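Q: Below you'll find the structure I mean.
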Amino acid sequence: MKQRESTFINMVGALLVVTLVSGALLGFVHQMTKSAIDLAREKAQSDAIASVLPPFDELAPTLKVLPEEGADSIEIFPALAQGHIVGYAVKSYSNNGFSGFISVMAGVDTLGNFTGYEVLEHKETPGLGSKMGDWFRNKEKEGQNVIGKSPGSVNFTVSKDGGDIDAITASTITSRAFLEALRRAHQGVTTLSEKNHGE
Amino acid sequence: MNQMSNFTKGLLRENPILVLILGTCPTLGVTSSAANGLGMGLATTFVLVMSNLVISLVKSQIPDKVRIPSFIVIIAAFVTVVELVMQAYTPGLFKSLGIFIPLIVVNCIVLGRAEAFASKNNPLSSIVDGLGMGLGFTGALVILGSIRELLGNGTLFSFRFYPENYTTLLFVLAPGAFIVLGYMIAIVQKINKAKK
């Protein structure tokens, strides 16, 4: 076949056809994968909720709370067992990680103690900051463990800043951001229960 | 042209990373573990094969002056397909590869093969070329990722070989990537020279 000339009409036509066909293909694939993508996202979230809380029967409707400091609201999922609230899963965040945004799902019981956490999203350095997924729930090292503790009674800042939690070795910035996310989660639950008592 | 040599040239003789030194940005970025390298390599291979095929089919219909933009749109379409499919069926891998998947669009290997090979050859040769180049890329990424993961984290495909206390963190970070890649390039140069 002979190569088409680079005339104005030919060029416009070729680009139009290429973009139209590409667009149609993408629309088709988007339709095909949309439900699977939503499903995967929901599953990741419900798995995280289940892993940070003690056993529960059902989740009450999701609540959105605006923490005192911080621009974005956090989502709180109250968990019920036999009609009583046994804890809250809180999707909290920090913008101060070593590489920016960190999203954490934290479990808080009715006394305000952390029952578990799961890091949902982060861009921290592999091998350094990325250790936060296990570091803060190491039951053998009480200094770095946050499970069973509450920011109400324990100072939830790194020991370098005068707090009670040991930071990840060589990742103080990540540790600060992570603890900030936990404090924000705890504060969200406190705000929520104060509001409920007031009514 | 001989299809066999068309295929094997991408593996070693003209390996995109180790000989042509193309696409080093995603190479250095994603190879902190062997599994990431494998995922990135296969995603790129798919894009390479599909874009090579389509471009060799439509090459005579695309006027020369709008060649590059047309190629980029075709490549971008396939990359977005990969991105959506990975997001739907392998969310874990998608999360760890992150920004590097959309960046396949501007990976020099893909556009380089489109321009240097697919726009001059027939569809069959182009598929074979894309497959060879893609697998060469995948192989290099897996080896690079394995060495870095083994030295830097003590694991290989998340299987632990020795305790974490003895690892050399440097290899997980950027300098380690450069060092390992440098040695790999040197070794492949040596092999290729010996063959001549």
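The listed protein sequences correspond, in order, to chains X and C. FYI, the numbering for the first sequence is 1 to 199, going by the numbering used here. FYI, the numbering for the second sequence is 1001 to 1196, going by the numbering used here. Every residue gets a Cβ at the ideal spot worked out from N, C-alpha and C, and that includes glycine. Given the structure is predicted, the values throughout are model-derived calculations rather than measurements.
(1) Who pairs with Ile85/X in a beta bridge, going by DSSP?
(2) Compute the distance between the beta-carbons of Val1081/C and Val29/X, then report whether it is under 7 Å.
(3) Could you list which residues in chain C have their beta carbon closer than 7 Å to that of Ala44/X, in chain order?
(4) Helix, strand or coil: which one does DSSP assign to Gly1136/C?
(5) Where DSSP assigns a beta bridge to Phe114/X, which residues make up the other side?
(6) Excluding the 5 residues preceding and the 5 following Leu128/X in the sequence, name in chain order all residues of the same chain whose CB lies nearer than 6 Å to its CB.
(7) Using only CA atoms, which one of Ser1032/C, Asn1015/C and Thr1008/C lies nearest to Ile1179/C?
(8) Using a Cβ-Cβ cutoff of less than 8 Å, which residues in the same chain neighbour Leu80/X once the five nearest sequence positions on both sides are dropped?
(9) Do Leu233/X and Ala1077/C have their C-beta atoms closer together than 7 Å?
(10) Assuming Ser1126/C and Asn1052/C are in contact, meaning their beta carbons sit under 8 Å apart, how far apart are those beta carbons, in whole angstroms?
(11) Leu1084/C CB to nearest chain X CB: under 7 Å?
(12) Alpha carbon to alpha carbon, how far is Thr110/X from Tyr88/X?
(13) Here's a check: name, in chain order, each residue in its chain whose Cβ is nearer than 6 Å to the Cβ of Ser175/X, leaving out the five neighbours to either side.
(14) By alpha-carbon positions, which one of Ile165/X, Pro54/X and Leu63/X ends up nearest to Glu142/X?
(15) Is the CB of Met11/X under 7 Å away from at least one CB in chain C?
(16) Give me the Cβ distance between Glu1164/C and Gly1154/C, rounded to the nearest whole Å; I'm assuming they're in contact under 8 Å.
(17) Using only CA atoms, which one of Leu1020/C, Glu1149/C and Pro1069/C lies nearest to Thr19/X?
(18) Do Val1047/C and Val1079/C have their C-beta atoms within less than 7 Å of each other?
(19) Can you check which of these residues, Tyr1089/C, Leu1057/C and Phe1157/C, is closest to Ala1114/C by C-alpha distance?
(20) Please identify the residue among Val1030/C, Ile1101/C, Ile1017/C and Ile1074/C whose C-alpha is closest to the C-alpha of Ala14/X.
(21) Using a Cβ-Cβ cutoff of less than 6 Å, which residues in the same chain neighbour Gly117/X once the five nearest sequence positions on both sides are dropped?
(22) By the 7 Å beta-carbon criterion, what residues does the stretch 1100-1115 of chain C contribute toward chain X?
(23) What residues of chain C sit near Thr19/X, judged by a beta carbon separation below 7 Å?
(24) Is Thr62/X buried or exposed, if buried means 16 or more other CB atoms sit within 10 Å of its CB?
(25) If you check the beta carbons only, do Gly1029/C and Gly1136/C fall under 7 Å apart?
(26) In terms of residues, what are the limits of the beta strand (DSSP E) holding Lys64/X?
(27) Hey, could you find the ends of the alpha helix (DSSP H) Asp38/X is sitting in?
(28) Which same chain residues, not among the five before or five after Phe1157/C, have their C-beta less than 7 Å away from its C-beta?
(29) What are the complete alpha helix (DSSP H) segments, minimum 4 residues, inside the stretch 1074-1111 of chain C?
(30) The ligand MG and Leu53/X: does the residue's C-beta get closer than 6 Å to at least one heavy atom of that ligand?
(31) Apply the 10 Å Cβ neighbour rule to Thr1168/C and answer buried if 16 or more other Cβ atoms are within range, or exposed otherwise.
(32) Just checking: is the beta-carbon of Thr1080/C within a distance shorter than 7 Å of some beta-carbon in chain X?
A: A quick look at the data gives this:
(1) As a first step, residue 85/X must be located in the first sequence, where it is residue number 85. DSSP lists Leu80/X as partners of Ile85/X.
(2) In the second sequence, counting from the first residue as 1, residue 1081/C sits at position 81. In the first sequence, counting from the first residue as 1, residue 29/X sits at position 29. The answer is yes: Cβ separation under 7 Å.
(3) Walking along the first sequence from the start, residue 44/X turns up at place 44. Under the 7 Å cutoff, chain C gives Pro1091.
(4) Working through the second sequence from its first residue, we reach residue 1136/C at position 136. In the structure shown, Gly1136/C adopts helical secondary structure according to DSSP, grouped into three states.
(5) Along the first sequence, one-based indexing puts residue 114/X at 114. Beta-bridge annotation (DSSP): Phe114/X is paired with Val108/X.
(6) By 1-based counting over the first sequence, the position of residue 128/X is 128. Here the set comprises Ala170 and Ser171.
(7) For this step, residue 1179/C is matched to residue 179 along the second sequence. Ranking the options by Cα distance to Ile1179/C, first place goes to Ser1032/C.
(8) Working through the first sequence from its first residue, we reach residue 80/X at position 80. Result list for Leu80/X: Phe56, Asp57, Glu58, Leu59, Ala60 and Val86, in chain order.
(9) With chain X covering only 1 through 199, there is no way to say anything about residue 233/X.
(10) Against the second sequence, residue 1126/C aligns to sequence position 126. Against the second sequence, residue 1052/C aligns to sequence position 52. About 4 Å; that satisfies the 8 Å criterion.
(11) Working through the second sequence from its first residue, we reach residue 1084/C at position 84. Closer than 7 Å: yes.
(12) Working through the first sequence from its first residue, we reach residue 110/X at position 110. Working through the first sequence from its first residue, we reach residue 88/X at position 88. If I take the Cα positions, the gap works out to 8 Å.
(13) Translated into positions along the first sequence, residue 175/X becomes position 175. Spatial neighbours of Ser175/X in its own chain (CB-CB distance under 6 Å, excluding positions within 5 residues in sequence) are listed in chain order as Val158, Ala167 and Ile168.
(14) The residue labelled residue 142/X in the question sits at position 142 within the first sequence. It is Ile165/X.
(15) Here residue 11/X refers to the residue found at position 11 of the first sequence. For Met11/X, the answer is yes, since a Cβ of chain C falls inside 7 Å of its Cβ.
(16) Translated into the one-based positions of the second sequence, residue 1164/C becomes position 164. Translated into the one-based positions of the second sequence, residue 1154/C becomes position 154. Right, the Cβ-Cβ distance comes to about 6 Å (below 8 Å), so this counts as a contact.
(17) Here residue 19/X refers to the residue found at position 19 of the first sequence. Nearest neighbour of Thr19/X by Cα position, chosen from Leu1020/C, Glu1149/C and Pro1069/C, turns out to be Pro1069/C.
(18) The count along the second sequence starts at 1 and reaches residue 1047/C at position 47. The count along the second sequence starts at 1 and reaches residue 1079/C at position 79. A Cβ-Cβ contact shorter than 7 Å links Val1047/C with Val1079/C.
(19) By one-based count along the second sequence, residue 1114/C stands at place 114. For the residues Tyr1089/C, Leu1057/C and Phe1157/C, the minimum Cα distance to Ala1114/C belongs to Leu1057/C.
(20) By 1-based counting over the first sequence, the position of residue 14/X is 14. Here the closest residue by C-alpha is Ile1074/C.
(21) By 1-based counting over the first sequence, the position of residue 117/X is 117. Going by the sequence as given, residue 117/X is Tyr instead of Gly. For Tyr117/X, where only same-chain residues beyond five positions count, the Cβ hits under 6 Å are Val52, Val104 and Ala106.
(22) Of all residues in the stretch 1100-1115 of chain C, none has a C-beta nearer than 7 Å to a C-beta of chain X.
(23) Position 19 of the first sequence, counted from the start, is the residue given in the question as residue 19/X. Contact annotation for Thr19/X against chain C: Val1073 [CB-CB distance below 7 Å, chain order].
(24) Taking the first sequence and counting its residues from 1, the one referred to as residue 62/X is at position 62. Around the beta carbon of Thr62/X, fewer than 16 other beta carbons sit within 10 angstroms, so the residue counts as exposed.
(25) Sequence index remark: in the second sequence, residue 1029/C carries index 29 (1-based). Sequence index remark: in the second sequence, residue 1136/C carries index 136 (1-based). The Cβ-Cβ distance between Gly1029/C and Gly1136/C does not fall below 7 Å.
(26) Translated into the one-based positions of the first sequence, residue 64/X becomes position 64. Lys64/X -> beta strand (DSSP E) spans Leu63 to Val65.
(27) Within the first sequence, numbered from 1, the residue matching residue 38/X stands at position 38. It spans Phe8 to Val52 - the alpha helix (DSSP H) in which Asp38/X sits, taken as one unbroken run.
(28) Walking along the second sequence from the start, residue 1157/C turns up at place 157. Once the five neighbours on either side are set aside, the close Cβ partners of Phe1157/C are Ala1034 and Ala1035.
(29) List check, alpha helix (DSSP H) in window: 1091-1097.
(30) Only the bare structure without any ligand can be found here, which leaves the ligand MG out of the picture.
(31) By 1-based counting over the second sequence, the position of residue 1168/C is 168. Classification of Thr1168/C: exposed, given that the 10 Å Cβ count is below 16.
(32) For the purposes of this step, residue 1080/C is taken as residue 80 along the second sequence, with counting starting at 1. With 7 Å as the cut-off, Thr1080/C counts as an interface residue toward chain X.
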